[in-house]
Each structure stands twice: as structure tokens, then as C-alpha cells.
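Note sheet for the following structure.
Protein chains: 2
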Amino acid sequence: MRWVRYFAPGETSPNYGSLDDAGERIREIKGDLFGAQQPSGRTFALNDVKLLAPIVPPTFYAAGVNYPTHFRTAAEKAGTPVTYPKHIDIGYRAVNALIGNNEAIVVPKDSSGKVQFEGEIVVIIGKRAKHLTEANALDCVFGYTIGNDVSERTWQKSDRTFWRAKNADTFKPMGPWIDTDVNLDALTTVIRVNGVEQSRFATNAMIFGVANTLATITRYLTLVPGDIVWMGTDDPTRDMVPGDTVEVEITGLGVLRNPIVGES
Amino acid sequence: MRWVRYFAPGETSPNYGSLDDAGERIREIKGDLFGAQQPSGRTFALNDVKLLAPIVPPTFYAAGVNYPTHFRTAAEKAGTPVTYPKHIDIGYRAVNALIGNNEAIVVPKDSSGKVQFEGEIVVIIGKRAKHLTEANALDCVFGYTIGNDVSERTWQKSDRTFWRAKNADTFKPMGPWIDTDVNLDALTTVIRVNGVEQSRFATNAMIFGVANTLATITRYLTLVPGDIVWMGTDDPTRDMVPGDTVEVEITGLGVLRNPIVGES
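First to last, the protein sequences are chains Z and V.
Numbering-wise (our numbering), the first sequence opens with residue 128 and increments by one.
Numbering-wise (our numbering), the second sequence opens with residue 128 and increments by one.
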């Protein structure tokens, strides 16, 4: 099942609906995405609604460097054996930065211009969970979507935290929908700028997989329905400039497409 | 006006209410704390309800080292002039960690025991805001409350981020209420463990004040009603152990009191 969050034509309150098998029509629901729900009776063509980021999470988790290329490249440069981190590196992002499919990524006026993409798979939590094991961790997963962890590299280096480097308004495109039927091993992440492929990697080739990450988080923190965990990206990336369009495709899951504009 | 969020006796859905001048009775409201609201007609004795963290924010901001003692001590040790940071250092915390007044701070089983208090004033945002100036920044403030940025120092040193050091469940006591009538310059923060004073500082002696911080944040990020900004603490701090009770008082604002227990 694929779930979309949207503004119906002429409306400004978000609703949820499920997509039909053809991926063309939305059947709207009333109620709780993670609990009791019923059809509202309304349907819309997918093309007629404004898609929104498919969820606004209570807490927005993001894994740090979680794919091997970064560490392999560093080891090659240094002429040393590859060493990987021993534990997943969890961080946070901010909901102000979330935008949906087709919405514009706005480069702030005083940015150096080093604004780069990071295509990621996103885990949507469906059940309250603490002290998960790797064996049962995936039971609390509601579904998956796609995220672009847009990053301003100058600020990422100059600031002690990532607050503006990764959380400036519009820097967290997410969508286009939540897919509840996903085989992680079958997925490939492909990133394109203006239609030209920039990066391609097996989505599940993470250093710390989804089950391991959720088990680690819930050793200390309670996850709740609607929480999201962005799982990191693999190299390479590159600068994007106003006028560009960036696409993060996860094969079989969807394509998240966003234009880049400059702040006016 | 002081606003409390609570469970009424026998209930498990949170409500908001205002405290009377004596601080003894709650007049419950229905509606939006930041918008249209009306009395529900119910009143309760403050002592009869279970107080909750007074807000669950869309985004939970926290300022890093923002008081002078830390920098003065470092400069004295090094025999160099005191230098302060040039910009506020913004980070994030997670809502899973929030608890209310009187709820227990739980020390995780595998903690080293270096669990310390950080008493802070907390800003509650009441209006959507971007591109604030220092002159108009305080117009978006709804009120203030008290926070204890409980920190596990071993994890704070060992991990790349503060995810478990500062966001383990129960590590973010906040409350007891939101006060909308606060004169920042009149406030003193006093921290006690088991009734013995540990730390005392002028609450508004921040390196970066509230107006400056909100102006900096909103240069890049949009604040929305309900967002919270924890403003940092001053030295010293110390370890707390199960059986202790920690109090953060901000004079004229209130006392946030929490017992420490070990994870069972």
C-alpha cells in the first residue's frame, strides 16, 4: 500500500489517502494513519493534488555516515586498512526543513553555494517501541519513503552542529509517498541532477542496517508512531545550483524530484 | 498567566488550563493554546492533577555553551584572555526524553553514572516567524518555562552526537508551567540537589540572549507555535545518583523538581 499526504484541490488542510494499484487515484481516509481509519468517500487524481512531505514526525532521527564508500576512500588515501565505526551515529533534523515532492529547495542568500544532495531511504515507525532486538525491530516499521538530506558544506564545516547546514528551510525534501510493502534487499538508490546520473548504490548496503539501528536507538529512547529515521547516503555527491532539478529514485519505491532555486 | 498541561484525575488525555492568582486551582480550556480557546467549565486543584511537560514541541532547539563561566575557567587554566564564541551554537533534542515536574529521571542500566544536571530557561514560541531582528524577536515569544538538560557525560564524550547522552528517555524534565509574564532581567537560576544549593547564576547573563538567538535561528529556519528553545546553563554541575532529588528553580518563575531512580 502507498500512502500520500496532500492538499486536495483548493484546500489548505492536509489529508491522507491510499493510492490505487495504477498509482493514479487517491482514496482519502479519515482517522489515524497508524490506527483506526475509514474512507472519507472522496477520491482525487494524484495529478490534481499538492503532495506534501508524507509525515511530520514527533522526532526526526538521521543516521550519520552509514555506507562504506566514505571509509574505503579514506583508507585508500591513507594507505591503511578500511575501518568502519563500531556503532551507528544518530543525529536529529528539524521539521521546519521538510518539503514534499516537486517543492523547491531554496538556497539561502548567504550560502557559499556548496549545497549538495544526499539520497536516503527513510524508515517510518508505526508502533511505540523500546528495547527492540535486531530480531523483532522491523515489527515496529510502518513503511518507507525517500529523503534528500540536502547539506550546505561550508556551514557543515564552520558550525559546531548541523543546525543550518542541514536544517535550513526546504533542506529536507521527503516523499513522494510512504510504501508499506518494501523488500529492502531489492532496492537501488539512484541520484540524478538534470536527468544525469550522479550516484548509484544498493540501498541496503548500509554499515548499520535498519534492524540494528532501531535496536540501538531503542536501547535508550522510545520510538513512537510517526517517528522517522533517515538512514544515510553513499558517496559521491556534488553541488547543485539554482535552475537544477535533483531526483532521488529508489527503484520500486518511487522518485523524489525537487527543483533548486535561489532565495529571493 | 501561567499555563499547565496535565492529566485530570482518572484521565489519560492531556488538557491545558490556566492557574489562578493563588497558584492553587486550574481553569481548564478547550481549543488552541496559541489561538482560539474557551473555558471547558471544569476546574481542578493543582495538587489533584498529574502535571506533564507543558508542551510537546514540533521542533526542540537547544543552545550549546551559552554562559560565561565555562570560557572564563578555560582561560584561567590556560592563562590566556577569555574568548567567547562569535555565534550561538544551536542543537536539537528529542521529544521522547520529555517528562514533567515530579516525574522520575531514570538512569539507564549501562550508564557509567556520570549523569549531571543543567538548569535552563526555556523559550516557548507563540507565532510563526522567519527573518526576525533582535528588535522584534521577542514578539514571537509566548512564554517561558524551566528545563533540566540532564546529560550523561561518558556518552557525551564517547559518541559523535548527543543522541543518548542528552536524549535518553526521561532526560529532559520541563515545567512545571509556562509563564507568559516574565522579566528576564529579574530572574536567578538556582539548582539544588537534596535541598543543597549547587549552582546560582543570573538567568539572563547569557552570552547570546533570547532575542539574538531567535534572530539567528530565523535567518535560516522558520519557527512555529509550540517550538521550544532551551537557552543553556552555567557551571558548575555534578553527578546525581538514584535516591537524589534535583530542583531547578528560576526565581519568580517556579521550581522544577525531579527524583532520580535507576533503570529496573
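Glycine included, C-beta positions come from ideal geometry on N, C-alpha and C.
One Cα belongs to Z:V373, the other to Z:R319, and the distance between them is close to 6 angstroms.
Z:E247 and Z:M358 do touch by the CB rule: their CB atoms are close to 6 angstroms apart, below 8 angstroms. Less than 9 angstroms divides the Cβ of V:A189 from the Cβ of V:D276. For V:I344, the enclosing alpha helix (DSSP H) stretches over residues 337 to 344. For the segment 346 to 372 of chain V, the beta-carbon criterion of a distance under 9 angstroms to any beta-carbon of chain Z is satisfied by R346, Y347, L348, T349, L350, V351, D354. Proximity of V:N193 to chain Z, defined by a Cβ-Cβ separation below 9 angstroms, is not satisfied. At a beta-carbon threshold of 7 angstroms, the residues of chain Z lying near V:R287 are G191, D216, ordered along the chain. Listed along chain Z is no residue with a C-beta nearer than 8 angstroms to that of V:Y211; the closest approach is about 14 angstroms. In this model, Z:F289 and V:Y219 are separated by some 9 angstroms (Cα to Cα). Proximity of chain Z to V:V222 at the Cβ level (cut-off 7 angstroms) is accounted for by P185, T186, in chain order. The beta strand (DSSP E) runs of length 3 or more contained entirely in the segment 143 to 179 of chain Z are, from start to end of the chain, 152 to 158, 164 to 172. Neighbours of V:N294 in chain Z, taken as residues at a C-beta separation under 7 angstroms, are given in chain order as L348. Nearest in C-alpha terms to Z:I344, of all of V:A149, V:L350, V:N223, V:Y143, is V:N223. In the structure shown, Z:A221 falls within a coil segment according to DSSP collapsed to helix, strand and coil.
Going by C-alpha positions, V:S278 is about 41 angstroms away from Z:T378.
When Cβ-Cβ separations below 9 angstroms define contact, V:I252 makes no contact with chain Z. Around the beta carbon of V:S391, a 10 Å sphere encloses fewer than 16 other beta carbons of the protein chains shown; the residue is thus reported as exposed.
With a contact defined as Cβ atoms closer than 8 angstroms, Z:I226 and Z:P303 miss out at about 12 angstroms. Between Z:I355 and Z:F244, the gap from beta carbon to beta carbon reaches 9 angstroms or more.
Distances from the CA of V:T316 to each of V:Q164, V:A202, V:V234, V:T272 were compared; the closest alpha carbon is that of V:T272. The alpha-carbon of Z:P363 is positioned some 47 angstroms away from that of V:P141. Under the 9 angstroms criterion on CB atoms, Z:Y271 is classed as non-interfacial with respect to chain V. Taken through DSSP and simplified to helix, strand or coil, V:K257 comes out as coil. Per DSSP, V:S326 is one residue of the beta strand (DSSP E) stretching across 323 to 329. At least 9 angstroms separates the beta-carbon of Z:V234 from that of Z:V375.
Taking C-beta atoms as the reference points, Z:G270 and Z:I305 count as a pair closer than 9 angstroms.
In terms of beta-carbon proximity, Z:Y133 stays away from the interface with chain V, with every pair separated by 9 angstroms or more. Against chain V, the CB of Z:I344 has a partner CB under 9 angstroms away; the residue lies at that interface.
No Cβ of chain V is located within less than 9 angstroms of the beta carbon of Z:W130. Not flagged as an interface residue toward chain V: Z:P208, since no C-beta distance is shorter than 9 angstroms. Per DSSP, the beta bridge partners of Z:D366 are Z:Q243. Taking Z:F134 as reference, the option from Z:K254, Z:E155, Z:D237, Z:T260 with the minimal CA-CA separation is Z:E155. With a beta-carbon spacing of about 6 angstroms, Z:L314 and Z:N331 fall inside the 8 angstroms limit used to define contacts. Close partners of V:Y219 in chain Z (Cβ separation under 7 angstroms): Y219, A221. In the structure shown, the three-state DSSP call for V:R291 is coil.
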